[in-house]
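The opening position of the sequence shown corresponds to residue 17 in this note's numbering, with each subsequent residue numbered one higher.
We put the CB at the ideal spot given by N, CA and C, even for glycine.
To start, the structure under review is shown below, and the notes come after it.
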Amino acid sequence: MAQQPDISVTIPIYNEEENIPLLYARVREALGKIGRPWELILVNDGSRDGSAARLDAIAAQDVRVTVIHLSRNYGQTAALMAGLDHASGAVVVPMDGDLQNDPDDIARMLARLDDGYDVVSGWRRNRKDAALRRNLPSRIANRLISAVSGVRLHDYGCSLKAYRREVLAGVKLYGEMHRFVPIFAAWNGARVTELEVAHHPRIHGQSKYGLERVVKVVLDLLVVKFLFKYANKPIYVFGGFGLAAIAFALSVLGLALGLKVAKGISLILTPLPTLAVILFAIGVLSILMGLLAEMLNRTYHESQAKPVYRIGRVARAPVNGDG
């Protein structure tokens, strides 16, 4: 029987038939040098080539390998989430399955965790991708994410990261949110650092990502920011917007009345009263939506006994007789 793993490496696979044998060999070699019990979780994200058969062959010959076949192609984030859900090691290391990440960097990441960090994020400083189609949009997105989140990392899109298991407790990923896990961790008090890692040109297959991913990242970033700051007090967003809309409506109405008094312009000759009514209605509806969101939030927490806090550690005085 396999030992209880200390390190869990999770890799999503989508149409990487030619890369799988070498990927497995390189990961096994790199983890073997570390000298700690490990497991490898390979998630087949609905591949349409021969990836499934090659993955099953590897799982059949190595008890440290688990293969999870998803029923269809759900995307990288869902595949990574499946890997995290099935990982049992004290340290979880996700990475890509296209051989562009270097498994030898895992040992260096573990060393940084041993220095007291909770998350080590890879930084592909010398990235081997198309300069305009991949690298430039990625740099813009990384700067935007750092500015909005307050967590300064150079390369959120690098899949190669190392997490202490407790950092991932309760993490649920949707959309393109796998890149934001270091942000969630930092916001919850984890120590996050980054490490320059190797990045190799793709040998086989084609990249699955294009420029449209930038739009998804921006939208997911807005969701992340909202969930962190206002998930427990949504009235602050909806109510704040509603009050601003009502104030603007009153200002527009005041302007219309001013024009009526000062210049004799009839209210029916200007669109300002109509605009004021629309803004006032939007403001009232926004406030009502905020109140409804507050009720849903309380139902969520109270019905499932969800705490609104996360405990870092607990300290107590020793019981009498314990020294």
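Nearest neighbour of residue i, chosen from the options [CA to CA]
i: Leu266; options: Ser67, Leu288, Val59, Tyr246; result: Leu288
i: Asp171; options: Arg141, Gly186, Arg181; result: Arg141
i: Leu100; options: His216, Ser24, Ser162; result: Ser24
i: Asp72; options: Ile84, Thr286, Asn204, Val167; result: Ile84
i: Ser302; options: Gly274, Leu86, Ile262, Gly270; result: Ile262
i: Asp61; options: Leu269, Tyr30, Leu176; result: Tyr30
i: Arg168; options: Glu210, Gly274, Val183, Ser67; result: Glu210
i: Arg143; options: Val239, Phe264, Arg218; result: Arg218
i: Thr290; options: Gly270, Leu152, Gly280, Leu312; result: Gly270
i: Lys249; options: Gly280, Leu275, Leu308, Gly274; result: Leu308
i: His194; options: Val239, Pro334, Leu152; result: Val239
i: Arg127; options: Ala75, Ile74, Ile50; result: Inspection of the sequence shows that residue 127 is occupied by Ala rather than by Arg. Closest option to Ala127, Cα to Cα, is Ile50.
i: Arg64; options: Arg44, Trp54, Arg88, Gly48; result: Arg88
i: Gly166; options: Ala202, Asp131, Ser282; result: Ala202
i: Gln19; options: Gly48, Trp54, Ala103; result: Trp54
With 16 other Cβ atoms within 10 Å as the buried cut-off, status of residue i
i: Leu56; result: buried
i: Gly137; result: Checking the displayed sequence, the identity of residue 137 turns out to be Ser instead of Gly. When all chains shown are included, Ser137 counts as buried.
i: Phe77; result: According to the sequence shown, residue 77 is Gln rather than Phe. Looking at its Cβ environment, which holds fewer than 16 other Cβ atoms inside 10 Å, Gln77 is exposed.
i: Phe242; result: exposed
i: Thr315; result: exposed
i: Ala247; result: exposed
i: Ser319; result: exposed
i: Thr93; result: buried
i: Lys245; result: exposed
i: Val268; result: buried
i: Leu295; result: buried
i: Ile284; result: exposed
i: Val109; result: buried
i: Leu312; result: exposed
i: Val277; result: exposed
i: Ala292; result: buried
i: Val231; result: exposed
i: Val107; result: buried
i: Leu152; result: exposed
i: Ala69; result: exposed
i: Leu304; result: exposed
Rounded distance between the beta-carbons of residue j and residue i, thought under 8 angstroms
i: Tyr133; j: Arg207; result: 5 angstroms
i: Arg52; j: Asp22; result: 4 angstroms
i: Val178; j: Met125; result: Correcting the residue type first, residue 178 is Ala in the shown sequence and not Val. Between Met125 and Ala178 the Cβ distance is about 4 angstroms, and since that is below 8 angstroms, they are a contact.
i: Gly105; j: Arg181; result: 7 angstroms
i: Thr286; j: Ala272; result: 6 angstroms
i: Val183; j: Val135; result: 6 angstroms
Spatial neighbours of residue i in its chain, beta-carbon cut-off 7 angstroms, leaving aside the 5 residues before and after
i: Val164; result: Leu237, Lys241
i: Ile161; result: Tyr172, Leu237
i: Leu189; result: Thr93, Leu96, Met97
i: Tyr40; result: Ile74
i: Lys264; result: As written in the sequence, residue 264 is Phe, which differs from the Lys given in the question. Closer than 7 angstroms at Cβ, skipping near neighbours: Leu295.
i: His102; result: Ile57, Thr82, Ile84
Close beta carbons around residue i, own chain, < 6 angstroms, minus the five adjacent residues each side
i: Ala46; result: Pro119, Asp120, Ile122
i: Ile251; result: Gly306, Glu310
i: Leu58; result: Ile27, Ile29, Leu71, Val83
i: His215; result: Gln116, Arg140, Arg143, Lys144
i: Ser282; result: none
i: Leu416; result: The structure shown does not extend to residue 416, since the chain is modelled only from 17 through 339, so no value can be given for it.
Check: residue i C-beta below 7 angstroms from any heavy atom of the ligand ATP
i: Val293; result: Looking at this structure, you won't find the ligand ATP or any other ligand, since it has none at all.
Sequence-distant residues of the same chain with beta carbon closer than 8 angstroms to residue i, five excluded per side
i: Leu86; result: Val59, Asn60, Asp61, Gly62, Ala94, Ala95, Ala98
i: Val253; result: Phe242, Tyr246, Gly306
i: Trp139; result: Leu169, His170, Asp171, Cys174, Glu210, Leu211, Glu212, Val213
i: Ser67; result: Ile29, Tyr30, Asn31, Glu32, Glu33, Ile36, Asn60
i: Asp130; result: none
Contact between the region 191-200 and the region 248-266 (3+ Cβ pairs under 8 angstroms):
Contact between the region 191-200 and the region 248-266 is absent: fewer than 3 CB-CB pairs across the two stretches fall below 8 angstroms.
For the region 70-86 against the region 153-160, do three or more pairs of beta-carbon atoms, one drawn from each stretch, fall closer than 8 angstroms, so that the two count as touching?
No, they do not touch.
Answer yes if the region 107-123 comes into contact with the region 21-40, meaning at least three C-beta pairs across the two stretches below 8 angstroms, and no otherwise.
The region 21-40 vs the region 107-123: in contact.
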